[in-house]
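*Asks:* Provided herewith is a single structure, encoded as structure tokens, for subsequent inquiry.
Protein chains: 2
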Amino acid sequence: MGDLELWEQKLRDKGIRWTRQRRIIIEVLLASTRPLSAQDIFAKLEGDYPKLRLSTVYRNLNSFKDNKIVRALNLNGNEQKFELINGHHHHHLICIKCDDILPLDCPLKEFESKLKDDTGYTILDHRMKIYGLCPNCKNH
Amino acid sequence: MGDLELWEQKLRDKGIRWTRQRRIIIEVLLASTRPLSAQDIFAKLEGDYPKLRLSTVYRNLNSFKDNKIVRALNLNGNEQKFELINGHHHHHLICIKCDDILPLDCPLKEFESKLKDDTGYTILDHRMKIYGLCPNCKNH
DNA sequence: TTGTTTTTGCAAATCATTTGCATTTGGTAA
DNA sequence: TTACCAAATGCAAATGATTTGCAAAAACAA
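Order-wise, the sequence lines are chains A and B.
For the first sequence, this note's numbering gives the first residue as 45, with consecutive numbering after it.
For the second sequence, this note's numbering gives the first residue as 45, with consecutive numbering after it.
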């Protein structure tokens, strides 16, 4: 069973219908090594699927988000980026010059448990982003 | 010298003119225990200053951001929130139900130096947000 | 294949944020 | 103080991301 069929099953298990639009959105996310915005996804698809609408992309990404199929990130300014949730919890290191993105292991496990004790909060989720200059951009 | 005069001096030192609009925006930020959106600030001021425009608030917040007077945060969905930079570097713990916000000490110092060694990146900045339920909301 | 329910296409609305331009204002030098 | 100039503001309109309403189309269960 390929990756795509795996995601199809995941959606079906949650009672989400497997439409052509959902399939191609997942395919684009699967093929990408970095989080993508709704616009990014739409741009990659509109050539082959002229009837596809940006609103459909948004609607599905939001539905995926609610069903924990994708995670939404605010890496830069205004637009959300989305990535499939594949079990490996991680964060991102972003080059502010070339926009390169590196996934990072999460260093916050024990911090969170201490936090829980200190504050009485139930910790549900977190986000971490590190900004910097990649080795290449560093030297112009 | 009060807090306000301190910020006035800070702006003047950077060559930023001290206008009435800038003063009242800083006053609102100073009075708040939590980061505020441009809308939040505007809403608190428009009654007393009917001529003030939202665009003026945005323009000044952006100028403050460029001059490291405020820090911009994406705590929730789409809108940026702003807080004065007062020297104490910290993060935020946010209750997803009542929107309570707690400042957190930063646990990332050594993580960053390890990161620098591992990746070759020059680390410039970072953001961390923790989401959870506050003790009160936890019990309905 | 039929019927029910969900999803999509499409157009238009909404919300955060930015921009252009004429007018006003803050700071400075006379 | 006054006059000047650069920078900031008021105002209106534009932009860009995201959402919404509704009729038509597609998915899935029976």
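Beta carbons are placed, not taken as given, at the ideal position from N, Cα and C, and that holds for glycine.
These numbers come from a predicted model, not from an experiment.
Which class does residue 147 (chain B) belong to by DSSP, given the choice of helix, strand or coil?
*Replies:* Residue state, collapsed to three classes: strand.
*Asks:* Throw me the rounded Cβ distance for the residue 125 (chain B) and residue 117 (chain B) pair, which I believe falls under 8 angstroms.
*Replies:* The Cβ separation is near 5 angstroms, so the contact holds.
*Asks:* CB residue 72 (chain B) to CB residue 54 (chain B), shorter than 9 angstroms?
*Replies:* Cβ atoms of residue 72 (chain B) and residue 54 (chain B): not closer than 9 angstroms.
*Asks:* Going straight from the alpha carbon of residue 106 (chain A) to that of residue 68 (chain A), what length do you get?
*Replies:* Roughly 15 angstroms between the two C-alpha positions.
*Asks:* Just to confirm my understanding: we take residue 243 (chain B), look at its own chain, exclude 5 residues before and 5 after, and list those with CB closer than 6 angstroms. What are they?
*Replies:* Absent from the structure is residue 243 (chain B), since the part of chain B shown begins at 45 and ends at 184.
*Asks:* For the beta strand (DSSP E) that residue 175 (chain B) lies in, which residues bound it at each end?
*Replies:* Its beta strand (DSSP E) spans residues 166 to 177.
*Asks:* Report the three-state DSSP secondary structure of residue 50 (chain A) (helix, strand or coil).
*Replies:* Reduced to three states, the DSSP call for residue 50 (chain A) is helix.
*Asks:* Do residue 119 (chain B) and residue 79 (chain B) have their C-beta atoms closer together than 9 angstroms?
*Replies:* It is a contact, given that the beta carbons lie within the stated cut-off.
*Asks:* Measuring straight from C-alpha to C-alpha, what distance separates residue 155 (chain A) and residue 166 (chain A)?
*Replies:* Their backbone Cα atoms lie some 13 angstroms apart in a straight line.
*Asks:* What is the rounded straight-line gap between the Cα of residue 70 (chain A) and the Cα of residue 134 (chain A)?
*Replies:* If I take the Cα positions, the gap works out to 20 angstroms.
*Asks:* Taking the CB atoms as reference points, tell me whether residue 129 (chain B) and residue 141 (chain B) lie closer together than 9 angstroms.
*Replies:* Cβ atoms of residue 129 (chain B) and residue 141 (chain B): not closer than 9 angstroms.
*Asks:* In whole angstroms, give me the CA-to-CA distance for residue 170 (chain A) and residue 152 (chain B).
*Replies:* Distance between the alpha carbons of residue 170 (chain A) and residue 152 (chain B): 14 angstroms.
*Asks:* Do you know whose CA, among A:168, A:172, A:180, A:74, lies nearest residue 177 (chain B)'s CA?
*Replies:* Nearest option by C-alpha distance: A:168.
*Asks:* Under 8 angstroms by Cβ, that's how I've got residue 139 (chain A) and residue 181 (chain A) pegged, so tell me the actual separation to the nearest angstrom.
*Replies:* That belief holds up - the Cβ atoms of residue 139 (chain A) and residue 181 (chain A) are roughly 6 angstroms apart, short of 8 angstroms.
*Asks:* Based on DSSP bridge pairs, tell me the residues matched to residue 138 (chain A).
*Replies:* For residue 138 (chain A), which the question treats as bridged, DSSP gives the partners A:145, A:175.
*Asks:* Pull up the distance between the alpha-carbon of residue 131 (chain B) and that of residue 114 (chain B), whole angstroms please.
*Replies:* Taking the straight line from one Cα to the other gives about 11 angstroms.
*Asks:* In terms of residue numbering, what span does the alpha helix (DSSP H) encompassing residue 73 (chain B) cover?
*Replies:* Its alpha helix (DSSP H) spans residues 64 to 75.
*Asks:* Measure from the alpha carbon of residue 143 (chain A) to the alpha carbon of each residue in A:63, A:179, A:52, A:157, then state which is nearest.
*Replies:* When each option's Cα is compared against that of residue 143 (chain A), the closest is A:179.
*Asks:* Using a C-beta to C-beta distance shorter than 9 angstroms, which residues of chain A count as neighbours of residue 125 (chain B)?
*Replies:* Here the premise fails: no neighbours, minimum Cβ distance about 12 angstroms.
*Asks:* Residue 109 (chain A) versus chain B: which residues are under 7 angstroms apart at the beta carbon?
*Replies:* Under the 7 angstroms cutoff, chain B gives no residues; its nearest Cβ is about 11 angstroms from residue 109 (chain A).
*Asks:* Taking the straight line between their C-alpha atoms, what separation do you get for residue 57 (chain B) and residue 163 (chain A)?
*Replies:* Using only the alpha carbons, I get a separation of about 39 angstroms.
*Asks:* Output the distance between the C-alpha atoms of residue 95 (chain B) and residue 83 (chain B), rounded to the nearest integer angstrom.
*Replies:* Going by the C-alpha atoms only, they are around 15 angstroms apart.
*Asks:* Classify residue 127 (chain B): buried if its beta carbon has 16 or more other beta carbons within 10 angstroms, exposed otherwise.
*Replies:* So residue 127 (chain B) counts as buried.
*Asks:* Taking Cβ-Cβ distances shorter than 7 angstroms, what residues in chain A pair up with residue 173 (chain B)?
*Replies:* By Cβ distance, chain A contributes 170, 171.
*Asks:* Mind checking if residue 93 (chain B) is an interface residue toward chain A, Cβ cutoff 9 angstroms exclusive?
*Replies:* Chain A, which has no Cβ nearer than 9 angstroms to the Cβ of residue 93 (chain B), makes this no.
*Asks:* For chain B, find out if any of its Cβ atoms is closer than 9 angstroms to the Cβ of residue 145 (chain A); answer yes or no.
*Replies:* Answer no: the Cβ-Cβ gap between residue 145 (chain A) and chain B never drops below 9 angstroms.
*Asks:* Out of curiosity, what's the CA-to-CA distance linking residue 99 (chain B) and residue 62 (chain A)?
*Replies:* Between residue 99 (chain B) and residue 62 (chain A), the C-alpha separation is close to 44 angstroms.
*Asks:* Would you mind giving the Cβ-Cβ distance between residue 192 (chain A) and residue 74 (chain A), rounded to the nearest angstrom? I have them listed as a contact below 8 angstroms.
*Replies:* Since the first and last residues shown for chain A are 45 and 184, residue 192 (chain A) lies out of range.
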